[in-house]
Amino acid sequence: MSEENEEKEPKLIIDDDWKTQVQKEKEALAEKQAAAESAPDDATPAATEESQAADDSQPAGDIEPPPASFEMLVAMLGSQALISLGKVPNPMTGESEPNKAIAKHYIDTLAMLQEKTKRNLTGQEHDNLTQTLHQLRMLFVSM
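The opening position of the sequence shown corresponds to residue 1 in UniProt numbering, with each subsequent residue numbered one higher.
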């Protein structure tokens, strides 16, 4: 009868393989840290920065973007319009590069956004969009 009970009880199989894998990873990390600590102090700063950048999921120097919001969308489109109007230097080249057609595109995009979001904006969002559009249109006309 005891043989029947043994047959009915499921055999418990324990997978210890993951434990050994974790242990190997910990040892590799400890060796890497020990090697970094014992490295000569005269290592170039660039090499140190490169190793830190490789370790981090986000490269050094990257700035976390602000949260997505309607105000940020208006500001981004407005900034691009100002660059296209030649009122702000292009951050890539450092030069003012007026392009009336592109400026008109950004202003028209903001106007379309205003039309599509009519009666769905807070007072502050509405005022921000209206003022931005007015200022950009005045700058466009004065070009």
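Note that CB positions come from ideal geometry on N, CA and C, so glycine has one too. For clarity, every value in this text was computed on a predicted model and none was experimentally measured.
- Here Leu85 is buried. Its C-beta has 16 or more other C-beta atoms within 10 Å.
- Look at the beta carbons and you see the region 105-124 touching the region 66-81: at least three pairs across the two are nearer than 8 Å.
- The residues Leu77, Gln80, Ala81, Ser84, in chain order, have a CB closer than 7 Å to that of Tyr106 in the same chain once the five nearest residues on each side in sequence are set aside.
- A check of alpha carbon separations from Val141 across Arg119, Ala101, Asn128 identifies Ala101 as the nearest.
- Per DSSP, Leu129 is one residue of the alpha helix (DSSP H) stretching across 123-141.
- Burial state of Leu29 is exposed, judged by a 10 Å Cβ sphere holding fewer than 16 other Cβ atoms.
- Judged by their CB atoms, Val74 and Thr132 are nearer to each other than the 7 Å cut-off.
- Excluding residues up to 5 positions away in sequence, Ile83, Ser96, Glu97 lie with their Cβ nearer than 8 Å to the Cβ of Asn90 in the same chain.
- In this structure, DSSP gives Gly78 a helical state, which the three-state scheme calls helix.
- Excluding its 5 nearest sequence neighbours in each direction, Thr109 has C-beta neighbours in its own chain below 8 Å: Leu77, listed in chain order.
- Secondary structure of Ile102 (DSSP, three-state): helix.
- Of the candidates Gly61, Glu27, Met143, Glu31, the residue whose Cα lies closest to the Cα of Asn99 is Met143.
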